[in-house]
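Trainee: One rule links them: number in my numbering = place in the sequence shown (from 1) + 1. Sharing a structure below in structure tokens format, with a few things to ask.
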Amino acid sequence: MSEAKSIRSAIVLLIVFIISRVFLINVFDLKFEYDWIFQMWHFIDIELLKNKMLESIFYFHYQPPIFNFILGLIHKQNIIEPSFILRIIFYSFTYFIGLIIFLTSRRFTQKAVVPYILAFIFYLFPETIIYENWPIYTWSSSFLLVLGFYLLTLYKQSTKPAFLYLFFFSQLILILTRSAFHPIFFISWFCILLVIYWREKQTVIKSFLPSLIILLIVAFKNLYIFGFFGVGSGLGFSLYKITPKEINNQPVQNFVNVDPVFNVVPVKSITTYKYEKKNIPKKFQGISILNEEFKSTLGQFTEEFSVNLGNYHYLEIAKKYQKNAIKIIKKFPKQYLKRVLRGSIMFFKPTWDHGFGVSYNANALENYTKYFTLHHVRMTFEELFVSSKKPWPMSDDIPYTSYIFIPIFYFLLVVFLYKYNFLQLGNVNYVYVIFSIVYLFFVSNLVELAENDRYRVMIDPLVFLTSCHLFLSVLGRNNFKENEYSP
2 MSEAKSIRSA
12 IVLLIVFIIS
22 RVFLINVFDL
32 KFEYDWIFQM
42 WHFIDIELLK
52 NKMLESIFYF
62 HYQPPIFNFI
72 LGLIHKQNII
82 EPSFILRIIF
92 YSFTYFIGLI
102 IFLTSRRFTQ
112 KAVVPYILAF
122 IFYLFPETII
132 YENWPIYTWS
142 SSFLLVLGFY
152 LLTLYKQSTK
162 PAFLYLFFFS
172 QLILILTRSA
182 FHPIFFISWF
192 CILLVIYWRE
202 KQTVIKSFLP
212 SLIILLIVAF
222 KNLYIFGFFG
232 VGSGLGFSLY
242 KITPKEINNQ
252 PVQNFVNVDP
262 VFNVVPVKSI
272 TTYKYEKKNI
282 PKKFQGISIL
292 NEEFKSTLGQ
302 FTEEFSVNLG
312 NYHYLEIAKK
322 YQKNAIKIIK
332 KFPKQYLKRV
342 LRGSIMFFKP
352 TWDHGFGVSY
362 NANALENYTK
372 YFTLHHVRMT
382 FEELFVSSKK
392 PWPMSDDIPY
402 TSYIFIPIFY
412 FLLVVFLYKY
422 NFLQLGNVNY
432 VYVIFSIVYL
442 FFVSNLVELA
452 ENDRYRVMID
462 PLVFLTSCHL
472 FLSVLGRNNF
482 KENEYSP
């Protein structure tokens with residue numbers, strides 16, 4: 002397709018996307034959940050970002066810096082309403098994911114209308130609508146994963162080093178935005194690409210080094226200042242969730258000697274942990290982000306959603322959670338694995354059943370979602386055979402098929418990728434898809450038991466894109482060929 006036709010196609014998609022959003026927002030009274038910028042523990046107090054942005058980001062140990070840096074830039078300017086800018090950014094993520102679906106699907110079909118239809122379907126998914134209206138890093142991570150796929154595709158077809166530089170840079174942004182993507186995710190990709198493109202190893206190394214240097218600067222900064230090597234200090238809080246709390250209906254404290262901190266459900270104020278009178282090192286006492294117990298929004302929001310996780314004491318508190326969680330997991334591995342299994346169920350739960358953060362728009366879209374997913378048909382059919390209460394963490398008002406379909410779909414995706422030769426090492430972009438799925442599945446379920454479905458949402462657009470390619474390839478009996486793609 003010529004450049005002029007590609008531009009026209011992008012404009013058509015943009016017009017359709019804008020029309021769809023105007024329609025959906027007005028018909029279903031959707032709300033952009035801007036208030037969560039002030040409530041999420043992962044975000045620095047907006048007042049600090051306005052007045053002490055660089056200092057606060059530099060000393061904020063709990064999460065990687067990029068999302069907070071972007072929030073700071075948005076809120077420091079006084080020209081455009083910050084909530085409007087964020088909405089445009091998050092809607093842009095959706096638009097560009099759809100555009101990438103369109104651009105990469107053209108190679109598998111001669112019918113020009115089909116890639117449009119696939120992009121439109123993505124734009125109309127309930128999950129897409131819900132998460133583009135929740136300005137946390139889940140949807141930005143989805144975009145960066147899809148962007149990584151597209152950049153690998155472009156490099157594979159053109160072998161231009163610029164695309165490989167951009168790929169590593171996009172993955173660096175992902176790691177410095179979302180702590181779920183540990184540096185191991187980044188380094189693993191370097192190793193995989195080094196194996197696949199061994200003949201061009203110098204290009205791979207040169208493309209990797211600039212991003213690696215930036216990542217190491219952040220990690221060593223945390224090691225020098227706070228004593229941990231990495232991009233975020235919150236692992237202990239996550240491990241608490243997945244750790245068994247009872248053994249044979251008795252508190253785990255009856256079997257394992259744990260620190261009193263472990264008796265407090267995270268995350269609470271430092272006063273709750275009895276840390277309010279504990280001294281902070283003198284060199285940190287003039288730094289607001291390390292000293293404040295609460296954000297400036299305390300009173301506007303509850304104490305639970307106003308704690309400042311940048312406080313210096315949370316470094317020690319998180320370490321104590323982590324140390325005690327590991328101790329319990331080692332002593333009771335079977336009970337831990339049972340919770341991992343529950344986490345896996347939650348990983349595949351429907352997006353609209355997530356709970357806090359998306360509840361308003363999920364409820365507003367309830368009828369739309371039910372029609373889109375054939376909810377009533379499936380529930381009616383299920384009730385003919387099953388009427389008992391569903392076990393936790395399943396919801397009684399959501400059919401079993403909603404929990405079963407997604408893992409089966411993911412499994413079949415892997416099978417068909419292999420069957421139709423998509424997983425040859427040369428097809429590095431599809432190896433990237435499988436690696437991302439496996440990585441997030443294990444990382445989320447081994448250390449989380451609360452928001453696992455939000456981890457899956459990060460890879461759902463990538464899975465949908467790949468499924469489109471498979472569907473069109475199988476439909477046209479057109480197996481993957483290196484020279485078919487024209488960006």
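For glycine and all other residues, C-beta sits at the position ideal for the given N, C-alpha and C. Bear in mind that the values here come from a model prediction, so they are computed numbers and not experimental data.
Can you name the start and end residues of the alpha helix (DSSP H) that Ile16 belongs to?
Mentor: Glu4 to Phe29
Trainee: Determine, using beta-carbon pairs with one atom in the segment 461-475 and one in the segment 139-159, whether at least three such pairs fall under 8 Å.
Mentor: yes
Trainee: Quick check on DSSP: helix, strand or coil for Glu247?
Mentor: strand
Trainee: What residue range does the alpha helix (DSSP H) around Leu216 cover?
Mentor: Lys202 to Phe227
Trainee: Helix, strand or coil for Gly231, going by three-state DSSP, please let me know.
Mentor: coil
Trainee: Sort Pro394, Asp398 and Tyr369 by Cα distance to Glu383 and report the nearest one.
Mentor: The candidate whose alpha carbon is nearest that of Glu383 is Asp398.
Trainee: Let me confirm a value: Lys69 is counted as buried when at least 16 other C-beta atoms fall within 10 Å, else exposed. Which label applies?
Mentor: According to the sequence shown, residue 69 is Asn rather than Lys. It counts as buried.
Trainee: Hey, Pro261 and Leu216: beta-carbon distance below 8 Å or not?
Mentor: no
Trainee: From what residue to what residue does the alpha helix (DSSP H) around Val147 run?
Mentor: Tyr138 to Ser159
Trainee: Does the segment 26-43 come within contact of the segment 119-126, defined as at least 3 CB pairs closer than 8 Å?
Mentor: no
Trainee: Tell me the rounded alpha-carbon separation between Arg379 and Gln301.
Mentor: 42 Å
Trainee: Where in the segment 266-324 do unbroken runs of the alpha helix (DSSP H), each at least 4 residues long, occur, reported from the N-terminal end onward?
Mentor: 289-292
Trainee: In angstroms with no decimal places, state the Cα-to-Cα distance between Phe373 and Leu299.
Mentor: 40 Å
Trainee: Buried or exposed: Val434, going by 16 or more other Cβ atoms within 10 Å of its Cβ?
Mentor: The residue is buried, with at least 16 neighbouring Cβ atoms inside 10 Å.
Trainee: Between the segment 240-249 and the segment 440-459, are three or more C-beta pairs nearer than 8 Å?
Mentor: Contact holds: three or more Cβ-Cβ distances are below 8 Å.
Trainee: Between which residues of its own chain and Leu87 is the CB-CB distance below 6 Å, once the five residues before and five after are set aside?
Mentor: Same-chain partners within the cutoff: Pro136.
Trainee: If contacts are defined as beta-carbon pairs under 8 Å, then Tyr63 and Leu310 qualify, I think. What distance do you get, rounded to the angstrom?
Mentor: Contact flag correct, Cβ pair sits at about 4 Å.
Trainee: Helix, strand or coil for Pro408 per DSSP?
Mentor: helix
Trainee: What span of residues does the alpha helix (DSSP H) with Phe126 cover, start to end?
Mentor: No alpha helix (DSSP H) holds Phe126; DSSP gives it neither H nor E.
Trainee: Taking the alpha helix (DSSP H) that Ser106 belongs to, which residues open and close that run?
Mentor: Pro83 to Ser106
Trainee: Return the residue from the list Trp199, Asn134 and Gly344 that minimises the CA-CA distance to Tyr444.
Mentor: Here residue 444 is Val; the residue named in the question, Tyr, does not match the sequence. Comparing Cα positions, the closest option is Gly344.
Trainee: Alpha carbons only, please: which of Ile226, Thr178 and Arg200 is nearest the one belonging to Pro282?
Mentor: Ile226
Trainee: Is Asn325 closer than 8 Å to Phe229 when the C-beta atoms are compared?
Mentor: no
Trainee: When DSSP labels each residue in this structure, what does Tyr486 get in the three-state scheme?
Mentor: Legend: pLDDT at Tyr486 = 39, less than 50; position of this residue unreliable, no value from coordinates given.
Trainee: Can you give me the C-alpha to C-alpha distance between Leu173 and Phe187, rounded to a whole angstrom?
Mentor: 7 Å
Trainee: CA-CA distance, Lys270 and Glu304?
Mentor: Before going on, a small fix: residue 270 reads as Ser here, not Lys. Spanning the two alpha carbons is a distance of roughly 8 Å.
Trainee: Give the DSSP-derived three-state secondary structure of Pro392 in the structure shown.
Mentor: Here Pro392 sits in coil by DSSP.
Trainee: Who are the near neighbours of Asn418 in its chain, counting only those whose CB is closer than 8 Å to its CB and skipping five residues on each side?
Mentor: The question names Asn, but residue 418 in the sequence shown is Leu. Closer than 8 Å at Cβ, skipping near neighbours: Leu424, Tyr431, Val434, Ile435, Thr467 and Leu471.
Trainee: Where does the unbroken alpha helix (DSSP H) through Thr110 begin, and where does it stop?
Mentor: No alpha helix (DSSP H) holds Thr110; DSSP gives it neither H nor E.
Trainee: With distances taken from CA atoms, which of Phe182, Leu210 and Ala181 is nearest Leu195?
Mentor: For Leu195, the closest of Phe182, Leu210 and Ala181 by C-alpha to C-alpha distance is Leu210.
Trainee: Where does the unbroken alpha helix (DSSP H) through Gly344 begin, and where does it stop?
Mentor: Pro334 to Phe348
Trainee: Ignore the nearest five residues each way along the sequence and tell me which others in Gln254's own chain have a CB closer than 8 Å to its CB.
Mentor: Phe263 and Asn264
Trainee: Determine the direct distance from the alpha carbon of Leu291 to that of Ile197, and round the result to whole angstroms.
Mentor: 44 Å
Trainee: In whole angstroms, what is the alpha-carbon distance linking Lys331 and Ser93?
Mentor: 45 Å
Trainee: Below 7 Å CB to CB, which residues in the same chain sit around Trp140 once its five sequence neighbours on both sides are set aside?
Mentor: Phe91, Phe94, Tyr132 and Glu133
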